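In order, the protein sequence lines correspond to chains A and B. Counting in the working numbering, the first sequence runs from 1 upward without gaps. Counting in the working numbering, the second sequence runs from 1001 upward without gaps. Backbone N, C-alpha and C define an ideal beta-carbon position, used for all residues, glycine too. Since the model is a prediction, treat every value here as computed from it, not as a measurement.
2 protein chains.
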Amino acid sequence: MEPIEFELNKEFRDRFQDALNERDGDFIRKSLEEVNPADITALLYEFSGEESKYVLDLLPLEIRSKIINDLDSDTRKTFLSHYTTQEITEVVNQLDSDDAADILNELPIKTSEEIIARLDAELKSQVIDLLRYDENVAGGLMAKELIKALDHWTVVQCVEEIRKQAEHVTKFYAVYVVDTTDKLLGRVSLQKLILSDPRTLVKDILDDDVEVVETYMEDREVAEIMSKYDLESVPVVNVQGQLVGRITIDDVVDVITEQAEEDRQLMSGITEDVEEDDSIWRNTRARLPWLFIGILGGMVSARFMGFFELEIAKITAIAFFIPLIQATGGNVGIQSSSLVVQSLVSPGFVDEGLWKRLLKVFSVALLNGIFLSLLVFGITWLVFGYDPLNMVVSMALFFVVVFASFIGTVTPLILNKMGFNPALASGPFITTTNDLLGLAIYFLTIHLFL
Amino acid sequence: MEPIEFELNKEFRDRFQDALNERDGDFIRKSLEEVNPADITALLYEFSGEESKYVLDLLPLEIRSKIINDLDSDTRKTFLSHYTTQEITEVVNQLDSDDAADILNELPIKTSEEIIARLDAELKSQVIDLLRYDENVAGGLMAKELIKALDHWTVVQCVEEIRKQAEHVTKFYAVYVVDTTDKLLGRVSLQKLILSDPRTLVKDILDDDVEVVETYMEDREVAEIMSKYDLESVPVVNVQGQLVGRITIDDVVDVITEQAEEDRQLMSGITEDVEEDDSIWRNTRARLPWLFIGILGGMVSARFMGFFELEIAKITAIAFFIPLIQATGGNVGIQSSSLVVQSLVSPGFVDEGLWKRLLKVFSVALLNGIFLSLLVFGITWLVFGYDPLNMVVSMALFFVVVFASFIGTVTPLILNKMGFNPALASGPFITTTNDLLGLAIYFLTIHLFL
C-alpha cells in the first residue's frame, strides 16, 4: 500500500521512447504492467498517434479500452483515425453506455453507424437510446447501467439481481426501486441492503426522498444539484417519471472542471478550446479574433482622438493621462463583471431585484470613484504641481469608475439573459468597451471643463 | 418521486418574512417540513442572523446541525456569535469529525477549547487528532469516520462491524482492511461484500491495488488524484502507512469549486474572498488594492510620456495610437498567461523543457505579431493616408506583441515556482506591466525611427 508511485519523468520518457523506436514490445509491456491506466493515458500524450497505437495494441483489450476512453475528445478523434472500424468496435464494446455514446458521437456518421450495427445487443440498444440526447444535458451525461429492483421484491431477490448485473455495472452505490411501469419509487443504499434481513421487502426499506434530475436538464444544473445535495449518484427520469439512467459524481467533476476552464478561456480572450501544447497555428488562430476586436477598438480610439487634435496640440499633457483613465476603466469593469458572473454561477442566490442590485453596485462605484479621484488629484498635484488639468483628470476618473462599474455589471446580466456564457463579459469584451467609454468620458470632460 | 420541487421565489420569501415578523413558529415549522436542509440553507442567507437563529431553533437538532454545517465559513462565523457555547456544542456533537473540526477552527480559541472539552468522547478524540492539520492538506480534508476491518476477519464479522459503525458513519462505499498495526492493506467494496459467501475471509477478497493519499498532500493534489482516477473516496495514511482517515468526493468537489472561484477572483483583480451580496464597504475594500496599483501604473505612464512631450507636441497623432498599443499588449499578455496557467493546472503535463516551450510561445507571438502589424498598417493607411507614423506604429505593435507574450508566459511560471497561485498573473498584474512595457516600446520605436 504505497502512495501513487508512478511519476512521469524525463528519464522514463526517454527510455520508453528508445524502446518504442526499437519496437521493443517486451520492455513496454513489462514497464506498463503495474501502471494505472490513467497514468498510461498521460504518458501517451507525449507520443505520436502511430507510436501510441503500437503501445496500446500490446496491452489487454480491457486496459486499451479504458485508456482510449480517458483521452480527451480532440486527441481521441485524431487517434482513432489510425484504427479500423473493427478495432474501434472491440474497444467500444468494453465501455459503459455513456462513454460508448460519447465516442460514437465523435466519429464520422458512417463509421459510427457501422460500429453500432456490430455492437453487443444490450449495449447497442442502450447506446441508440443515449445518442438522442445533446451532450450538455442530463440525458447526454447519464449511463444506462444501473441496478433496478421492483418494489415487491425481497432483499434476497435484490442481491440476486445485483449478482446478475455486477458484470455490466462496475460502480454503484444504490439500487433503484421502480414499479412495474418503470416509474421510479426510491432507492435502497447498499449499506441498508447489507444490514437488512434477507426476507425484508424492498418497499419497506426504500428511501423515497430522493433527488432526481430530468433528461433535459442542463449539465451545469445537474452539477449544481449534485454538489449542493452532496450526491454521489443521481437517477435520471423522463417526463413520465420513468427511470432511464443515472449520473455519477465523476462525470460531474468533469463538467465542473471543464466549465471552469471554459470560463477562464472566455475571460482571457481565447476563442477556441486550445491548449499550450496544441500546434502553433491552432494557438495563433485561437487568439486572433479577440486581438482583432481589440485592434478595432484601438483604431476607433485613434479616430476619436483625431477630433481633439487641437486640444492635444495645445496641452500635450492631456495625452499623458490616457493610460491612467483607460487602465482604471478596464480594471473596474472586469472586477464588476467578475462579481456578477460569480453570483450567477453560485447557486442559492435569490434575485434581490435588479434595482436594489444596481443601487448597491452604484454605491460601491461611488466610494471607489471618490477614493481614486482624490488619490489621483493628490499625486498629480505632488508630481506635476497644480494645474487645472489635475482637476479635470480626477473628475473624468470618477465618472469613468462609475460608468465602467455599470457596464461591467449590466453586460454579464444581459449576456446571461440572452443565453450566452456571462463569463464572456469578463474578458476583452468589457475591456474594449470600457477603453472606448473611458476615452469618450475623458475628452468630454476636457471639452466641458478645461 | 418528483424532481426538486422547492424553488426560492420572491413570493415565498415575502410570506416567510411576514411569518418571521409575527414570530409565527407554526407556519415556519410547517412550511419547512418537507424542504431539503440544503434549500433551507439557501433561504436563510436572505435573513438576518437573529431571524435565522429563530428559524433554526424551531427545527430538530439534526436538521439544524446540517444547516449550520452547510453555511459558508464567513456567514457561519457571524451567525454562531448569536449562539451560546452550550448550543454550539450540541450542534457540533451531531457532525462528522471533519465538519466538526472545520467549525472549531473558525471559533475563537477559548470557545473552541470549551466546546472540545464537552464533546462526546469519541468525537472529541477524533477532532483533537484532526485539528493538527492545516485546512488545505489531505489531513485537514479527511474525516475519521470509516469502516475498518482486520484482514483475518470473515465477511460476517465485517457486516457485524458495519452494523456497529453504521450509526456514526453515514456514507461509505467500501470497508478498509488493515493489519493489527493499523497499516492499510486494501479495501473491499460493498458490492463485493454483498456478493461474497459470508464465511469468506476478508483477505481473500480485498483489492490491494488502491490509490491512497498521505496526510500532508495539498488539497489541489488530492482533488487531481481523485478526479484523475475517478475515485468516490480515498483513504488517507500517515507516513507509517497507517490508515488515519478518508476523503470523500463531495469534499473534493468543494475544493475544485473554490479553486475555480479563487482563480477567477485573482484574474479579475479582487483581493478578498468577496461576494456581490457582501456589504458595500467590503466590496469596495476588496477592489481598491489592484485599482491602486493600476493607478500607480497610469501615473508612471504619465511621468514617462512627459519625457516625450516635445515629440507629442510636434506630431499629435502619436498620442492617438497609445490606446491601440496598450490594449493589444494587455490582451496578448492575458492570453499567454492564461494558457500557461491552464497547462499548470491540468494534470498529466510532462514538462517539455523551458526552452522548447518558450520557442513555441515565441513562434505564436511572431505569427500574431506579423498578422496584427500588417492589419494595422493597412487600416491606418486606408483611414489616415500614408504617413511615416503608420510604419512606426505597426513596427511598435509587432514588438509589443512579442514582448507581451514573453512576459505573459514567464510571469506565471515564475509565480508558480515561488509558490504563488499563477492565476495571479492573468489579472491586473500582467495588464499593468504590459501597459508600461507597451508604452516604453512605442516611444522607443518613435524615438529611433521617426
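CB contact below 8 Å: residue i versus chain B
i	result
A:Thr154	no
A:Thr328	yes
A:Asn390	no
A:Trp381	no
A:Glu114	no
A:Gln265	yes
A:Asn136	no
A:Tyr173	yes
A:Val332	yes
A:Pro60	no
First through last residue of the beta strand (DSSP E) which encompasses residue i
i	result
A:Ser233	233-237
B:Leu1044	Where B:Leu1044 is concerned, there is no enclosing beta strand (DSSP E), although the alpha helix (DSSP H) it sits in stretches over 1037-1044.
B:Ile1474	Any property of residue 1474 of chain B remains undetermined from this structure, which presents chain B solely from 1001 to 1450.
A:Arg187	184-189
A:Ala174	174-178
B:Leu1150	1148-1150
C-beta neighbour in chain A for residue i, strict 8 Å
i	result
B:Trp1355	no
B:Lys1203	no
B:Arg1287	yes
B:Glu1261	yes
B:Tyr1229	yes
B:Arg1303	yes
B:Asn1021	no
B:Arg1015	no
B:Arg1163	yes
B:Ala1319	yes
B:Asp1098	no
Rounded Cβ spacing between residue i and residue j (contact assumed at less than 8 Å)
i	j	result
B:Val1137	B:Tyr1216	5 Å
A:Val175	A:Leu193	7 Å
A:Ser436	A:Gly297	Before going on, a small fix: residue 436 of chain A reads as Leu here, not Ser. With a Cβ gap of about 6 Å, A:Leu436 and A:Gly297 count as contacting.
Contacting residues, own chain, Cβ-Cβ under 6 Å from residue i (five flanking each side not counted)
i	result
A:Pro3	With a pLDDT of 46 at A:Pro3, under the threshold of 50, the modelled position of that residue is not reliable, and the figure given next carries that caveat. Once the five neighbours on either side are set aside, A:Pro3 has no close Cβ partner at all.
B:Arg1187	Ala1174, Tyr1176, Asp1207, Val1210
A:Glu232	Tyr173, Ile249
B:Ser1373	Ser1394, Leu1397, Phe1398
Limits of the unbroken alpha helix (DSSP H) element including residue i
i	result
A:Ser373	354-384
A:Val156	155-165
A:Tyr442	428-449
B:Leu1228	Looking at the sequence shown, residue 1228 of chain B is not Leu but Lys. Counting along the chain, the alpha helix (DSSP H) containing B:Lys1228 begins and ends at 1219-1228.
B:Thr1078	1073-1080
B:Lys1066	1061-1070
A:Met391	388-417
A:Leu201	Looking at the DSSP string, A:Leu201 is not in any alpha helix (DSSP H), and its letter there is neither H nor E.
B:Met1142	Here B:Met1142 belongs to no alpha helix (DSSP H), and DSSP marks it neither H nor E.
Buried or exposed (CB count within 10 angstroms, at least 16 for buried), residue i
i	result
A:Asn9	exposed
A:Met418	exposed
B:Pro1198	exposed
B:Arg1015	exposed
A:Trp290	buried
A:Gly333	buried
B:Val962	Chain B is shown from 1001 up to 1450; residue 962 of chain B falls before or after that span and cannot be answered.
B:Phe1134	For the sequence presented, residue 1134 of chain B should be read as Asp rather than Phe. With fewer than 16 Cβ atoms within 10 Å of its Cβ, B:Asp1134 is classed as exposed.
B:Tyr1442	buried
A:Ser81	exposed
A:Gly378	exposed
A:Asn21	exposed
A:Leu310	exposed
B:Phe1292	exposed
A:Pro455	As displayed, chain A neither begins before 1 nor continues past 450, which places residue 455 of chain A out of reach and without an answer.
B:Ser1073	exposed
Close beta carbons around residue i, own chain, < 8 Å, minus the five adjacent residues each side
i	result
B:Glu1062	Gln1094
B:Ala1149	Gln1157, Cys1158, Glu1161, Val1175, Tyr1176, Val1177, Val1178, Val1188, Val1202
Own chain residues within Cβ distance below 7 Å of residue i, not counting five before or after
i	result
A:Ala143	Asp96, Ser97, Asp98, Gly245, Arg246
B:Asp1120	Asn1093
B:Ser1112	Leu1104
B:Met1267	Ala1423, Ser1426, Gly1427
B:Val1392	Thr1445, Ile1446, Phe1449, Leu1450
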